[in-house]
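Protein chains: 2
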Amino acid sequence: MQKKLFIPGPVDVLPEVLKQMERPMISHRGKEISAILERIIGNTRKLMYTKNTILISTSSATGLMEGAIRNCVSKRCVNFANGAFAERWHGIAKECGKEADLVSVEWGKPITADIVDEALSSGKYDAMTMVHNETSTGVMSPISEIANVVKDYDVSFLVDTVSSMAGVKIEVDKLGIDVCLYGTQKCMALPPGLALCSVSDGALKKAEGITGRGHYFDFLALKKSIDKLQTTTTPAISLLYALDYQLDRIINKEGQENRYKRHAEMAGIARKWAADNFELIPEEKYASNTVTAIRNTKSMDLGGLKKKLAEKGYEFSNGYGKFKDVSFRIPHMGDRTVEELMQYLDDLDECISGPSC
Amino acid sequence: MQKKLFIPGPVDVLPEVLKQMERPMISHRGKEISAILERIIGNTRKLMYTKNTILISTSSATGLMEGAIRNCVSKRCVNFANGAFAERWHGIAKECGKEADLVSVEWGKPITADIVDEALSSGKYDAMTMVHNETSTGVMSPISEIANVVKDYDVSFLVDTVSSMAGVKIEVDKLGIDVCLYGTQKCMALPPGLALCSVSDGALKKAEGITGRGHYFDFLALKKSIDKLQTTTTPAISLLYALDYQLDRIINKEGQENRYKRHAEMAGIARKWAADNFELIPEEKYASNTVTAIRNTKSMDLGGLKKKLAEKGYEFSNGYGKFKDVSFRIPHMGDRTVEELMQYLDDLDECISGPSC
């Protein structure tokens, strides 16, 4: 039985989107692929509210995290962390041989403007990383307030929006984000395998002076190709078909504002359910609009719950990393509908109130 | 009009293979994906005649070239080059900050055992790179003879088999190849977006002592995950569906030996056509079984020829890089049939003998 994916990515992909991948191969150096890339770039700029360079990578978003680190950290970076994915930034920085400091807050808390201000005021850093929406804890950090602080410093502002882009409005140029990156398998409701990012002119200029950019994730090489509506190496053509189609759906069919509204509405429903039955992990004002993380205050057997939901045709998501057993998550992202979420919550209620949970 | 791709990758993919990508998403951490990965690894080991670790990367093969360099070059590497893709190895090595020497022969010539022996005997190198089948010049270097030489040295043997694996028998363990890498969009007749490689125990052991392995292409991290039938990051699930299906087709339906025979038969036909009408670029004994590169001895207008073939429903391939205008290529790889190739040659004859070529 095909399960409905109530995990925070990969998410269910609409049949009409999957269908795009049945299209035959084309040359990766011809006019047809250039036209596809041109549409993708145009619509991605709309999606991200940016005029910056758009890079398309055949990799997961983690690859572009490595790219951001390799291309944008010259002296030393600070990695703000409030969960598993924010911590990954720090691991990557160290693995790429960069000088890097980890500034951590408790899992479940947001990164705040004050925390960022304090670290950056040390003058030690030329780059900072953060995760906008921590998939592991359901926390959405206040990016606007943080951006206001970052503007006062000469640092590269590197942001992982993996689980928020296309589900929440993120105005890249207004926020002054230098590198904003994400994968396709979360709020964009596409199969995994492609990652995208915007890169500011300032970041590109800075990269020219940074050695150790490597090859596959060298932003300058990627830019040089994409400026010609080409890719450096053979891209995942089938995934580009799907991306092209889905961006058009998001921008021109559903509409961005409607998409954000739907995500907000689903988040409201999930949070109310959580508050009525358990406890939200984040403070409500920092709760994510794309995934709701819930403390397992009833000490339910999450493994048992997972099994019961599987029988009902759902893929359930418990917590992540050190939150694995003490929390569970209700994702509401991508092309998920309000009705599907409500049905899921009903089924969840039934499973929870039944025996063995 | 959908064109038949007579370019050396991406190649045409069978509808039944494309169809696999319509399958719905699944969790990237569940039992189902592990079962898929297990089958892929088992069949890939058969395809490569190896017991080595198999790594699966969501990237193009170029990404794994970077991985091979980062993980396996400690002191200094030698990059044997006889075409564009062999030269890429050298570029990557330099970009990754490795000490590297380029040993070049004229484009169109093979790398020979003597050339390799001479370079390695200097004792300067702990790693060497080569391309088995140079897509840019249609040259297949004598890998068995080279392997016989390499065995006498303590060097990591890094081989790009991008355009030969699955079209030509490459017995990795017998040859003692440490890292053997390729993408899916050539002889495997799959969409691009995934790359695979085998890594020997010796290479993995050596990697432990090498810093600067980075993150995304860190072979030790990739191995740690794949040993648990997991991936480090969310993989391109749709492409894994297609890979799983196609490996089964290659190994269990067509059969590997039949596949090699078909490629050899097509190569024979293409070479005869080339010799009758033009001139082969490589010496016949080094001519590739997957792509035939032909000197444009009649000084045809290749742009005009490309247009005429496009009208007949073909994507034609001229030369690559500095061979762009002086040569053209007839690929015969993947699931291409003998009949399709013969029809193409007939149509090519008609176009060539007609006006404007």
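Respectively, the protein sequence lines represent chains A and B.
My numbering applies: residue 960 is where the first sequence begins, and numbers increase by one.
My numbering applies: residue 960 is where the second sequence begins, and numbers increase by one.
Beta carbons are placed, not taken as given, at the ideal position from N, Cα and C, and that holds for glycine.
Distance between residue j and residue i (C-alpha atoms, nearest Å)
| i | j | result |
| --- | --- | --- |
| B:P983 | B:D1060 | 47 Å |
| A:S1115 | A:D1308 | 45 Å |
| A:S1197 | A:G1214 | 24 Å |
| B:F1039 | B:Y1175 | 26 Å |
| B:Q961 | B:M1225 | 23 Å |
| B:N1348 | B:M1147 | There is no way to answer for residue 1348 of chain B, as the model of chain B reaches only from 960 to 1316. |
| B:V1322 | B:T1071 | Outside the modelled stretch of chain B, which goes from 960 to 1316, sits residue 1322 of chain B, for which no answer is possible. |
| B:M1259 | B:M1301 | 21 Å |
| B:E975 | B:G1082 | 51 Å |
| B:I1028 | A:V1037 | 28 Å |
| A:G989 | B:K1034 | 40 Å |
| B:A1233 | B:K1265 | 17 Å |
| A:W1048 | B:I1228 | 53 Å |
| A:F1287 | B:E1274 | 52 Å |
| B:E1167 | B:L1188 | 21 Å |
| A:A1195 | A:K1220 | 31 Å |
| A:L1268 | A:D1306 | 8 Å |
| B:N1092 | B:S1247 | 7 Å |
| B:T1270 | A:I1289 | The identity of residue 1270 of chain B in the sequence shown is Glu, whereas the question assumes Thr. Computed Cα separation, rounded: 53 Å. |
| B:L1117 | B:I1000 | 20 Å |
| B:N953 | B:P1101 | This structure cannot settle anything about residue 953 of chain B, because the visible part of chain B is limited to 960 through 1316. |
| A:V1098 | A:Y1245 | 6 Å |
| B:R1218 | B:I1209 | 7 Å |
| B:L1140 | B:L1023 | 7 Å |
| A:V1170 | A:D1137 | For the sequence presented, residue 1170 of chain A should be read as Thr rather than Val. Using only the alpha carbons, I get a separation of about 19 Å. |
| A:Y1084 | A:S1063 | 16 Å |
| B:D1177 | B:C1310 | 49 Å |
| B:D971 | A:I1253 | 47 Å |
| A:E1243 | A:G1067 | 11 Å |
| B:T1088 | B:R1295 | 29 Å |
Of the residues the options, the one placed nearest residue i, counting alpha carbons only
| i | options | result |
| --- | --- | --- |
| A:G1056 | B:M1225, B:G1173, B:S1312 | B:G1173 |
| B:G968 | A:K978, A:K963, A:I985 | A:I985 |
| B:D1203 | B:K1244, B:P1314, B:R998 | B:R998 |
| B:L1155 | B:L996, B:D1306, B:T1094 | B:L996 |
| A:F965 | A:S1312, A:P1314, A:L1304 | A:L1304 |
| A:L1261 | A:A1180, A:V1250, A:T1143, A:K1283 | A:K1283 |
| B:K1005 | B:S1016, B:T1193, B:M1024, B:D1132 | B:D1132 |
| A:E1046 | A:N1030, A:S1095, A:L1023, A:I1169 | A:S1095 |
| A:P1150 | B:L1199, B:D1119, B:V1075 | B:L1199 |
| A:E1025 | A:I1185, A:K1053, A:G1293 | A:K1053 |
| B:A994 | B:L1153, B:L1163, B:T1190 | B:T1190 |
| B:L1206 | B:D1160, B:Q1144, B:R1230 | B:Q1144 |
| B:I1015 | B:L1181, B:K1231, B:S1312 | B:L1181 |
| B:V1250 | B:N1211, B:G1293, B:K1257, B:K1212 | B:G1293 |
Unbroken alpha helix (DSSP H) run spanning residue i, endpoints
| i | result |
| --- | --- |
| A:S1312 | 1297-1312 |
| A:Y1219 | 1215-1236 |
| B:Y1200 | 1196-1207 |
| A:V1109 | 1102-1109 |
| B:G1142 | Where B:G1142 is concerned, there is no enclosing alpha helix (DSSP H), although the beta strand (DSSP E) it sits in stretches over 1138-1142. |
| B:D912 | Chain B is shown from 960 up to 1316; residue 912 of chain B falls before or after that span and cannot be answered. |
| B:T1170 | First-last for B:T1170: undefined, no H or E at that position. |
| B:T1009 | Element bounds for B:T1009: n/a, residue is neither H nor E. |
| B:D971 | No alpha helix (DSSP H) contains B:D971, which DSSP labels as neither H nor E. |
| B:R1047 | 1043-1054 |
| B:G1262 | 1261-1270 |
Where the beta strand (DSSP E) containing residue i begins and where it ends
| i | result |
| --- | --- |
| B:A1320 | Outside the displayed span of chain B (960 to 1316) sits residue 1320 of chain B, for which this structure offers no information. |
| A:H1060 | Note on identity: in this sequence residue 1060 of chain A is Asp, with His being the wrong assignment. Here the beta strand (DSSP E) through A:D1060 covers 1059-1063. |
| A:A1154 | 1153-1158 |
| A:S1286 | 1286-1290 |
| B:A1040 | 1036-1040 |
| B:V1250 | 1250-1254 |
heavy atom of the ligand GTP below 7 Å from residue i C-beta
| i | result |
| --- | --- |
| A:S1276 | Of ligands this structure carries none, so the ligand GTP is not represented either. |
- Message: So if I threshold CB-CB distances at 7 Å, which residues from the stretch 1285-1305 of chain A count as touching chain B?
- Response: Taking a C-beta cut-off of 7 Å against chain B, none of the residues of the stretch 1285-1305 of chain A qualify.
- Query: Going along the stretch 1169-1184 of chain A in order, which residues come within less than 8 Å of chain B, judged by CB to CB distance?
  - Reply: Those residues of the stretch 1169-1184 of chain A that come within reach of chain B (Cβ to Cβ, closer than 8 Å) are T1170, G1171, R1172, G1173, H1174, Y1175, F1176, D1177.
- Message: Any C-beta of chain B within less than 7 Å: which residues of the stretch 1183-1200 of chain A qualify?
- Response: T1192, T1193, P1194, A1195, I1196, S1197, L1198
- Task: For the stretch 1046-1057 of chain B, enumerate the residues whose C-beta is nearer than 8 Å to any C-beta of chain A, in chain order.
- Result: G1050, I1051, E1054, C1055, G1056
- Message: For the pair the stretch 1271-1282 of chain B and the stretch 1226-1239 of chain B, tell me if three or more CB-CB distances fall below 8 Å.
- Response: At 8 Å Cβ cutoff, the stretches do not touch.
- Query: Mind listing which residues of the stretch 965-987 of chain A have their C-beta closer than 8 Å to chain B's C-betas, in chain order?
  - Reply: I966, G968, P969, V970, D971, V972, P974, L977, K978, M980, E981, R982, P983, M984, I985, S986, H987
- Query: What residues in the stretch 1257-1278 of chain A bring their beta carbon closer than 9 Å to a beta carbon of chain B?
  - Reply: Those residues of the stretch 1257-1278 of chain A that come within reach of chain B (Cβ to Cβ, closer than 9 Å) are E1274, S1276.
- Listed in chain order, which residues of the stretch 1199-1217 of chain B have Cβ atoms closer than 7 Å to some Cβ of chain A? none
- Taking any Cβ of chain B, which residues in the stretch 1014-1037 of chain A have a Cβ under 7 Å from it, in chain order? For the stretch 1014-1037 of chain A, which is checked against every Cβ of chain B, the residues closer than 7 Å are T1017, S1018, S1019, T1021, G1022, E1025.
- Task: Using a Cβ-Cβ cut-off of less than 7 Å, list which residues of the stretch 1133-1154 of chain B approach chain A; keep chain order.
- Result: The residues in question are G1142, Q1144, P1150, P1151, G1152.
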